[in-house]
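Comments concern the structure below.
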Amino acid sequence: MGTGKTDEELMLAYAQGDALAFDALYARTRGMLYRFILRSVPERAVADELFQDTWSRAIHARARYRVEAKFSTWLLQIAHNLVVDHQRRLRPQADADESEHVLGLLDVPERERPEEVLSDFEQRRRLQLALEALPDEQRNAFLLRMESNLTLEEIAQVTGAGHETVKSRLRYAFAKIRERLAE
Amino acid sequence: MSDIKKPSQTTPPEHGFDAEFDAFLREQDSRLAALYRKLPHPEPDAAIDAQVRAQARSALRMPNEAAAQASRPVARSRAQRWLPMFGAAATLLLVAGLAWRLVPPTTPPRRETAAIADTPAPGVAQGERTVPMPAPTVPPPAQPATPPAPVDATAQYRHTPNTVAAKPESSAAADNAKTDAKPKVGGALAAAPKIAAPASATPPGSAEPTAFPSRAVEQPRAKSAPPPVAATAPPPPPAAMEAETARSAAPAPELRESASADGADAMQAFADKATAGGSSFVVRPEPSAPGRYHWEIGGGPTAAPARDGIYPPDPPPLAAWVQIVRAMLRDGHRDAARQALADLRAQHPDFRVPPDLRGLE
Chain A
1 MGTGKTDEEL
11 MLAYAQGDAL
21 AFDALYARTR
31 GMLYRFILRS
41 VPERAVADEL
51 FQDTWSRAIH
61 ARARYRVEAK
71 FSTWLLQIAH
81 NLVVDHQRRL
91 RPQADADESE
101 HVLGLLDVPE
111 RERPEEVLSD
121 FEQRRRLQLA
131 LEALPDEQRN
141 AFLLRMESNL
151 TLEEIAQVTG
161 AGHETVKSRL
171 RYAFAKIRER
181 LAE
Chain B
184 MSDIKKPSQT
194 TPPEHGFDAE
204 FDAFLREQDS
214 RLAALYRKLP
224 HPEPDAAIDA
234 QVRAQARSAL
244 RMPNEAAAQA
254 SRPVARSRAQ
264 RWLPMFGAAA
274 TLLLVAGLAW
284 RLVPPTTPPR
294 RETAAIADTP
304 APGVAQGERT
314 VPMPAPTVPP
324 PAQPATPPAP
334 VDATAQYRHT
344 PNTVAAKPES
354 SAAADNAKTD
364 AKPKVGGALA
374 AAPKIAAPAS
384 ATPPGSAEPT
394 AFPSRAVEQP
404 RAKSAPPPVA
414 ATAPPPPPAA
424 MEAETARSAA
434 PAPELRESAS
444 ADGADAMQAF
454 ADKATAGGSS
464 FVVRPEPSAP
474 GRYHWEIGGG
484 PTAAPARDGI
494 YPPDPPPLAA
504 WVQIVRAMLR
514 DGHRDAARQA
524 LADLRAQHPD
534 FRVPPDLRGL
544 E
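Protein chains in written order, with my numbering: chain A, 1 to 183; chain B, 184 to 544.
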């Protein structure tokens, strides 16, 4: 089954015709990919469609896969492009005023921070709402960081944005989530 | 949540150093990551898993799919490259077709005239219609070599009744000639009915002249003995002769088609002259001398021929001469026909050769 192989080795094996390698690779990455998509697009049906589309594109592009980055990064890049295309058709981006307002909330006194006062259940619920309320680019960066544990460079590679842009998006995302948790 | 109380959190992130930001991210991660991990962990349905795995396996059964996909854009671009050429070719074809349809044809009017000439006029038999026409601009030849006959020279040329049939709206002289001829039907002219008015010109009770045109129509291609070319029939000719007369009178199809409108007009004038005096001529092969033709000119009211002879060498009147040339052609004596036409041109320099005989010149 190739369980001892890396994701990249499994993908290369699949490109050579090893179907079992694909099964192993799929089992490793399906949850991470699915959650990233599902938390990027709230509709489950859309998430299912994008999930399948992501894998379909990865399967057809197997011959062109080169080990120049982590397989998860390559796979998330495909998914991210599909998600962004979908998001662009649905809702506009957050404007700058809203972002500036959120930035001002970064220096909230510790004792006033919501994490201190809200129960876990309420915090999870608010986190979910906060994620849904984030602008798409910020949410995508946040999910890539939290769900897939990508570094800034990897997020920049997946999203096609610059390093500083990714930092800014993450900073705004954290600030807004904190704001929602403090409500 | 103990890490929330770290002093580093109070550092404004706007200072923008990567180390500070990383610390900020780590601090945020530590708090938010713990909260994030408490969120539900949805996974795709088993059906989706099965579909993806099946797709992965089916893709392996098509090893050249990737190459095909890679070549597909090239093929598409190649097809797109040909599209303007196809469009230009189609446009060119369309323009050429339109131009071909819009250019006024040069020959169809002549064809229409020939078609009109071929169309039987109401009340006129086909045998009459196909009697060939002499040249249009033939002046009334004086015939100085021949003694003046009871029938004047111009009257010989007035006998081309097919001209009347082909051009029913021709000159008033022709109409007057026909009109004048009708009152004479009951008189001496009844013995020599004109082909131009076969039914009305036939005497009452005389079946033969009435049947002559229709029989000629019924047997237009009768192959009998070499027929005479009879423009009129003072004595009722034998049936075979009549049929052959009609056949010989009809020019060959290709020659008939070449008849022109101006030729028809001129022939009409000639017919007017030929029929005015009620004269007629008969051309028939000389049985004893192949290639020679006996001709005779009717004297109009008189039954006896006013003049006759055998050509060659006896020069016939112009209309009979033309008929002899045609008869020679019809009977296969092409050289004799060419010589006859040359003789005719020598005798009548102003004679304009009919279209059907121009090939002989």
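Quick reminder that beta carbons are idealized off the backbone N, C-alpha and C, glycines included.
Cutting at 7 Å between CB atoms, please list the residues of its own chain near G180/A, excluding the five before and the five after it.
The sequence as given places Arg at residue 180/A; Gly does not occur at that position. Taken in chain order, the residues that qualify are R126, L129, A130 and A133.
Length of the line joining the Cα atoms of A523/B and V508/B:
6 Å
The stretch 235 to 246 of chain B: positions lying closer than 7 Å to chain A by Cβ
V235, R236, Q238, A239, R240, A242 and L243
I'd like to know whether the C-beta of Q157/A is nearer than 8 Å to at least one C-beta of chain B.
Residue contact check for Q157/A against chain B: no CB pair falls below 8 Å.
What's the call for Q138/A, buried or exposed, on a 16-neighbour Cβ count within 10 Å?
buried
Hey, is A233/B's beta-carbon within less than 8 Å of any beta-carbon in chain A?
no
From the DSSP output, in three-state form, read off H516/B for me.
In the displayed model, H516/B falls within coil according to three-state DSSP, outside both helix and strand.
Have a look at I480/B and R467/B and give me their C-alpha separation to the nearest angstrom.
12 Å
Report the residues of the stretch 146 to 170 of chain A with a CB closer than 7 Å to any CB of chain B, ordered along the chain.
M146, K167 and L170
For R517/B, which residues of its own chain have a beta-carbon under 8 Å away from its beta-carbon, when the five flanking residues on both sides are left out?
M511 and L543
Nearest chain B C-beta to I177/A closer than 8 Å, yes or no?
yes
If the cut-off is 7 Å on Cβ atoms, which residues from the stretch 26 to 51 of chain A count as contacting chain B, listed in chain order?
Y26, R30, G31, Y34, R35, L38, D48 and F51
Between A520/B, V505/B and P538/B, which has its C-alpha nearest H531/B's C-alpha?
It is V505/B.
Tell me which same chain residues have a C-beta within less than 8 Å of the C-beta of Q157/A, skipping the five on either side of it?
A69, T73 and Q77
Among Y494/B, P500/B, R209/B and D514/B, whose alpha-carbon lies nearest the alpha-carbon of F464/B?
P500/B
According to DSSP, simplified to helix, strand and coil, what is A489/B?
Reduced to three states, the DSSP call for A489/B is strand.
Between the beta-carbon of M11/A and the beta-carbon of L25/A, is there less than 8 Å?
In contact: M11/A and L25/A (Cβ atoms closer than 8 Å).
Are the C-beta atoms of G4/A and some chain B residue less than 8 Å apart?
no
Report back the beta-carbon spacing between A175/A and T159/A to the nearest angstrom; my notes put them in contact at under 8 Å.
Actually they are not in contact, since the Cβ atoms of A175/A and T159/A sit about 19 Å apart, beyond 8 Å.
Exposed or buried, P135/A, counting other C-beta atoms within 10 Å across all chains shown (16 or more means buried)?
buried
Enumerate in chain order the residues of its own chain whose CB-to-CB distance from G589/B is below 6 Å, with the five nearest sequence positions on each side excluded.
Look at the range of chain B in this structure, 184 to 544, and you will see that residue 589/B is not part of it.
Residues in the stretch 205 to 228 of chain B having any Cβ partner in chain A nearer than 8 Å:
Within the stretch 205 to 228 of chain B, the qualifying residues are F207, L208, Q211, D212, R214, L215, A216, L218, Y219, K221, L222, H224, P225, E226, P227 and D228.
What is the DSSP secondary structure of P227/B, reduced to helix, strand or coil?
coil
What three-state label does DSSP hand P498/B in the structure shown?
coil
Which residues in chain B sit within 9 Å of A188/A, going by Cβ to Cβ distance?
The structure shown does not extend to residue 188/A, since chain A is modelled only from 1 through 183, so no value can be given for it.
Whole angstroms are fine: how far does the CA of F36/A sit from the CA of M146/A?
9 Å
Are there three or more Cβ pairs, one per stretch, closer than 8 Å when the stretch 29 to 48 of chain A is compared with the stretch 220 to 232 of chain B?
As far as the Cβ criterion goes, the stretch 29 to 48 of chain A touches the stretch 220 to 232 of chain B, which means the pair count is three or higher.
Out of N81/A, A15/A and H86/A, which has the shortest C-alpha to C-alpha gap to R244/B?
A15/A
R467/B - partner residues in DSSP beta bridges:
H477/B
Please list, in chain order, all residues of the same chain as D258/A whose beta carbon is under 7 Å from its beta carbon, the five residues on each side excluded.
Here chain A covers residues 1 to 183 and nothing more, so residue 258/A does not appear.
Note down the Cα distance separating R528/B from L540/B, rounded to an integer number of angstroms.
12 Å
Which residue spans inside the stretch 34 to 80 of chain A form an unbroken alpha helix (DSSP H) run of at least 4?
44 to 60
Closer than 8 Å to chain A by CB, A271/B:
no
Reduced DSSP category for N140/A - H, G, I as helix; E, B as strand; rest coil:
helix
Reference Y476/B, options D497/B, A489/B and S213/B, closest by Cα:
D497/B
Using 8 Å as the threshold, is the C-beta distance between A61/A and L75/A below it?
no
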